[in-house]
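Just so we're aligned, residue 1 is where the sequence shown starts under UniProt numbering, counting upward by one. By construction, the Cβ of each residue, glycine as well, lies at the ideal position given by its N, Cα and C atoms. If you're wondering where the values come from, they're calculated on a predicted model, not measured in any experiment. Okay, so here's the structure we're looking at.
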Amino acid sequence: MVPQTDHNKNSTCIGNGKGHVSYPTAKSKSWEDSLPIPLCILPWSSWIIFFISVVCYGNSINGEFVFDDSEAVINNADLKPETPLSNIFKNDFWGTKLTHNSSHKSYRPFTVLTFRLNYFVTGLHPFSFHLVNILLHGTVSTLVLRVMNSLFNKILEHDAPKAAFLSALLFSVHPIHTESVSAVVGRADLLCGIFFLLSFLSYTQTSKNCSSFGNSSTVSFLWLFWSIVLAGLAMLCKEQGITVIGVCYVYDIIIVCKLDLQDIYHYIFHKQNGHPPLPFYDNKKTFTLFFMKQIILFLGGCFLLALRWFIMGASTPVFQQVDNPASFEENILVRMINYHYIYSMNVWLLIHPYWLCFDWSMGCIPLIKAINDKRLLAVLIFWIFLGHLLYSIVAYPDKKIRRLLCFSLAFILVPFLPASNLFFRVGFVVAERALYLPSMGFCMLIVIGLKQLTVFLGQNCQMGIQCSVILLLAVFGIRCIQRSAEWKNEETLFRSGLNVCPLNAKVHYNIAKNAADNGDRETAIKGYKEAIRLNPLYDQAMNNLANILKDQGKLEEAEELLHSAIKIRQDFFINALYCPYYCDF
1 MVPQTDHNKN
11 STCIGNGKGH
21 VSYPTAKSKS
31 WEDSLPIPLC
41 ILPWSSWIIF
51 FISVVCYGNS
61 INGEFVFDDS
71 EAVINNADLK
81 PETPLSNIFK
91 NDFWGTKLTH
101 NSSHKSYRPF
111 TVLTFRLNYF
121 VTGLHPFSFH
131 LVNILLHGTV
141 STLVLRVMNS
151 LFNKILEHDA
161 PKAAFLSALL
171 FSVHPIHTES
181 VSAVVGRADL
191 LCGIFFLLSF
201 LSYTQTSKNC
211 SSFGNSSTVS
221 FLWLFWSIVL
231 AGLAMLCKEQ
241 GITVIGVCYV
251 YDIIIVCKLD
261 LQDIYHYIFH
271 KQNGHPPLPF
281 YDNKKTFTLF
291 FMKQIILFLG
301 GCFLLALRWF
311 IMGASTPVFQ
321 QVDNPASFEE
331 NILVRMINYH
341 YIYSMNVWLL
351 IHPYWLCFDW
361 SMGCIPLIKA
371 INDKRLLAVL
381 IFWIFLGHLL
391 YSIVAYPDKK
401 IRRLLCFSLA
411 FILVPFLPAS
421 NLFFRVGFVV
431 AERALYLPSM
441 GFCMLIVIGL
451 KQLTVFLGQN
461 CQMGIQCSVI
471 LLLAVFGIRC
481 IQRSAEWKNE
491 ETLFRSGLNV
501 CPLNAKVHYN
511 IAKNAADNGD
521 RETAIKGYKE
531 AIRLNPLYDQ
541 AMNNLANILK
551 DQGKLEEAEE
561 LLHSAIKIRQ
571 DFFINALYCP
581 YYCDF
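This is the structure:
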């Protein structure tokens, strides 16, 4: 855990020598008074955030290995002591060689290394795996507190510990994180989050001494080096970690350079200033140092991207249409409309994280192809919301609020880029785990909105707003506990998916497979048949159903299903070799 240490001369600090907290003064009173955070808890803010994070997800500690945990942990030979340690750096996250055609190219050796350490200490016992995940989420939440405290301090130019605390508190209890915390494979998101935030915090140190050369510049570039190294570690935990480089650029633009879109607009169209709106435009030494830093950051980012591309064998993973139907749509207009609907779905999950599912593929979200599809309204609302936010970033009277809005939006968009389908096809429609990092910016945006709502409604409504915040935190916390309980075992997890995605063939397939493993053949047959009905090309469901029917003596039906599976995918030719044995060809 990381205690708060950001403070300045405009604050009153109370501490015990090991760490201290900045208290709001008259200058920050307007920002702090509207937030329902008692001053007495601020000295213990890091511990409180950590404790609440652990409590909200604590009931998943007794959970089993579920869903993708089977492939990444139980069946992954890279975790076992007899497997050479070097294999971790040759195989993907699932233990498949990166050069193999079936590899997902998800290269996360540091995450797999922690799995191996778990296995070495306690064996294949889920308790220790879940315990580590919960503690990691608590660590990420305390780092979020440190980051938010730094950002509010630098943008507002005075301390705002309540705003930072509330932002981190919202992050720690947000139910969208359940998949990342309660699923063992979600450790990739947690480790990535830790190194992501450490990289960003390191980068914020590079701009503290950028006014001259000499010893100060050496310290600055040392922090820059560590920031790039930590970004690389984040990437080796999960691919999304590389986006911290982009967030660092946004930090320089908004906080170091203090660039403002409104100032740029006035400079271009009205020529109100004689020189570009840069704070050190006339200081050649400082400008040169700043420019050198940008070049090094750019080269570091290019190196990490090139390394990632080389590790992937200069090729991208191959996905099926059922994994991400919109990305296979040939009509670019239809494809873009569906992408935007998916974006609106992600925003809605952040706002109202009740409709959660372990898998969103295979018909869970049907494509929008008709102009009278009611879901187009969601796309329209999404763009109105985004347009209003962008307008506020440009036109809002308070420059500090504009900068806060701009950075919070960047903190949402930049980490989300790898999941956006804009640069390459991804293997999912919606993934709650992909929102782990973007939710930091969202929580920051909520706090900004609460402050502005107080200003708009006036002090008379302040009590109502404070009660609403407390209620929101309580609802989020309860939903966390409820959702993490659903992740305890595969039966409850897969059943919960039916309430959200009844048209998802994979949900029915997993229910059937789990039932078959537990000896419930009637439920298994029903589930497999429903999965095939929803997805007539579901070869795995056909194969599994054929095996059950064969055991029941229904050889003709089993033979027909296997033939259909072989036509869809030639891999099932191996099963056909055994057909003469039990199908009486």
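- Contact check for CYS237 and PHE195: beta-carbon distance about 6 Å, within the 8 Å limit, so the pair qualifies.
- Annotated three-state conformation of ASN499 is helix, per DSSP.
- DSSP places ASN91 within a strand segment (E or B) once states are collapsed to three.
- The bridge partners DSSP lists for LYS97 are ASN91.
- Going by DSSP, VAL140 is part of the alpha helix (DSSP H) stretching over 126-156.
- Per DSSP, the unbroken alpha helix (DSSP H) holding LEU166 starts and ends at 161-173.
- The Cβ neighbour count for GLN240, taken over all protein chains shown within 10 Å, is at least 16; the residue is labelled buried.
- Check the Cα spacing between PHE385 and each of VAL414, SER344, SER408 and ASP78: the tightest is with SER344.
- Secondary structure at TYR538: coil, using DSSP grouped into helix, strand and coil.
- Contact check for VAL447 against LEU197 fails: the beta carbons are separated by 8 Å or more.
- With at least 16 other beta carbons inside 10 angstroms of its own, CYS56 counts as buried.
- Close CB contacts of GLY300 within its chain, under the 6 Å cut and outside five residues either way in sequence, are with ILE228 (chain order).
- For TRP44, the three-state secondary structure derived from DSSP is helix.
- The continuous stretches of alpha helix (DSSP H) do not include TYR436, and DSSP gives it neither H nor E.
- The three-state reading of DSSP puts LYS238 in coil, since its state is none of H, G, I, E or B.
- For THR114, the enclosing alpha helix (DSSP H) begins and ends at 109-122.
- Nearest in C-alpha terms to HIS137, of all of GLY553, LEU437, PHE456 and LYS506, is LEU437.
- Look at MET312 here: in three-state DSSP terms it is coil, with no helix or strand label.
- Across the set ILE88, ASN149 and PHE476, the C-alpha of ASN149 shows the shortest separation from the C-alpha of SER46.
- The DSSP-derived three-state label of PRO325 is helix.
- Put simply, the segment 412-430 touches the segment 341-356. At least three CB pairs are less than 8 Å apart.
- With 16 or more other CB atoms across the displayed protein chains lying within 10 angstroms of its CB, MET440 is buried.
- Under the three-state reduction of DSSP output, ARG521 falls in the helix class.
- In this structure, GLY527 is the residue among PHE476, GLY527, VAL469 and CYS467 with its C-alpha nearest to the C-alpha of ARG495.
- Restricting attention to LEU457, ILE242, VAL322 and CYS257, the CA atom closest to the CA of ASP539 is found in VAL322.
- PHE407 is positioned such that its CB atom lies no closer than 8 Å to that of ILE134.
- In the displayed model, GLN462 falls within a helix according to three-state DSSP.
- For THR142, the number of other beta carbons within 10 angstroms of its own is at least 16, and it is reported as buried.
- Around the beta carbon of GLU522, fewer than 16 other beta carbons lie within 10 angstroms, which makes this residue exposed.
- Contact annotation: TRP487 and GLY193 have beta-carbon atoms that are not nearer than 8 Å.
- The alpha-carbon of MET292 is positioned some 10 Å away from that of PHE298.
- About 7 Å separates the CB atoms of LEU124 and ILE74; that is less than 8 Å, so the two are in contact.
- Here ASN372 is exposed, its C-beta having fewer than 16 other C-beta atoms within 10 Å.
- Contact annotation: the segment 329-340 does not touch the segment 464-475, with fewer than three C-beta pairs closer than 8 Å.
- For VAL181, the enclosing alpha helix (DSSP H) has its first and last residue at 178-182.
- Within the same chain, VAL507 come within 7 Å of LEU498 by CB-CB distance, once the 5 residues on both sides are set aside.
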